[in-house]
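Residue numbers (the working numbering), protein chains in the order written: chain A, 121 to 231; chain P, 3 to 113.
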Amino acid sequence: ELKVEQNPLFLSMQEGKNYTIYCNYSTTSDRLYWYRQDPGKSLESLFVLLSNGAVKQEGRLMASLDTKARLSTLHITAAVHDLSATYFCAAEASNDHKLSFGAGTTVTVRA
Amino acid sequence: DSGVTQTPKHLITATGQRVTLRCSPRSGDLSVYWYQQSLDQGLQFLIQYYNGEERAKGNILERFSAQQFPDLHSELNLSSLELGDSALYFCASGRGATEQFFGPGTRLTVL
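Right, here's the structure in full:
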């Protein structure tokens, strides 16, 4: 069974500083996803990473994937208040495409 | 807006009752996935349908069942409800081996 570990679970960020969220998964996966969830809302897709070495950037967020280490990172540059949310990574199983989610990282950005 | 619709948005019911959650996938998507999000279990995959047939099963209780109809909408039936079934239930849709898009969710409260 594909297991996903995410850390840290809680991250208090200071505006303007840089931070990284880590996501480890246990077995081979076809895709690695990053989602954002605001309280009481649905999951918003941020990135889909398909291959080793993949790097994607959108605004202050950058995600990367190392399939050999089974590790993905979400890097936040110069945090701003709007980035406060819970971030989930999810790995997709190769055989049936179901997603296994990490526990989520709750990010709070303070002035 | 992901294009996936779910009804109802909120559902409040009593223990022992039965409810049905409905999901309409994005146009052209043949796969429907159901996920449960609760405080203690996090986000968990329940079940997947592809073009009317069950494809994969996750941690779905025997009291829960689902089906996908010829028009590709899906229903998740939850019976003999318990307090612990209170959660957000998400439906996602996709085209086989492609990204999954999540609906807005149904918040179920069992009293």
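Where a beta carbon is used, it is the ideal one built from N, C-alpha and C, also for glycine.
Kindly say whether L163 (chain A), judged by its beta-carbon, lies nearer than 7 Å to any beta-carbon of chain P.
At a cut-off of 7 Å between C-beta atoms, L163 (chain A) counts as an interface residue with respect to chain P.
Could you please tell me which residues of the stretch 9-40 of chain P, in chain order, have their CB closer than 9 Å to any CB of chain A?
So the close ones are S33, Y35, Y37 and Q39.
Could you round the C-beta distance between A68 (chain P) and S76 (chain P) to whole angstroms and report it? I think they count as a contact, below 8 Å.
About 6 Å; that satisfies the 8 Å criterion.
For N79 (chain P), which of P:K11, P:Q46, P:Y52 and P:Q19 has the nearest alpha-carbon?
Checking every option, the nearest Cα to that of N79 (chain P) belongs to P:Q19.
So, with DSSP's three-state summary, where would you put R85 (chain P)?
Looking at the sequence provided, one finds Leu at residue 85 (chain P) rather than Arg. Annotated three-state conformation of L85 (chain P) is helix, per DSSP.
At what residue ranges does the stretch 135-214 of chain A contain a whole run of the alpha helix (DSSP H), taking only runs of 4 or more?
Residue ranges of uninterrupted alpha helix (DSSP H) with 4 or more members are absent from the stretch 135-214 of chain A; none lies entirely inside it.
Please return the same chain residues whose Cβ sits closer than 6 Å to the Cβ of T22 (chain P), not counting the five positions on each side in sequence.
For T22 (chain P), the CB contacts under 6 Å within the same chain, skipping 5 residues up- and downstream, are E77 and N79 in chain order.
Looking at chain A, which residues of the stretch 83-101 of chain P have a Cβ within less than 9 Å of any of its Cβ atoms?
Against chain A - using a Cβ distance shorter than 9 Å - the residues of the stretch 83-101 of chain P are L90, F92, A94, G96, G98, A99, T100 and E101.
Sequence-distant residues of its chain with Cβ nearer than 6 Å to L113 (chain P) (five each side left out):
Cβ within range, chain order: A16.
Using the C-alpha atoms, what's the distance from Q134 (chain A) back to T228 (chain A)?
Going by the C-alpha atoms only, they are around 8 Å apart.
Step through the CB atoms of chain P and report whether any lies within less than 7 Å of the CB of V124 (chain A).
Look at V124 (chain A): its C-beta is not under 7 Å from any C-beta on chain P.
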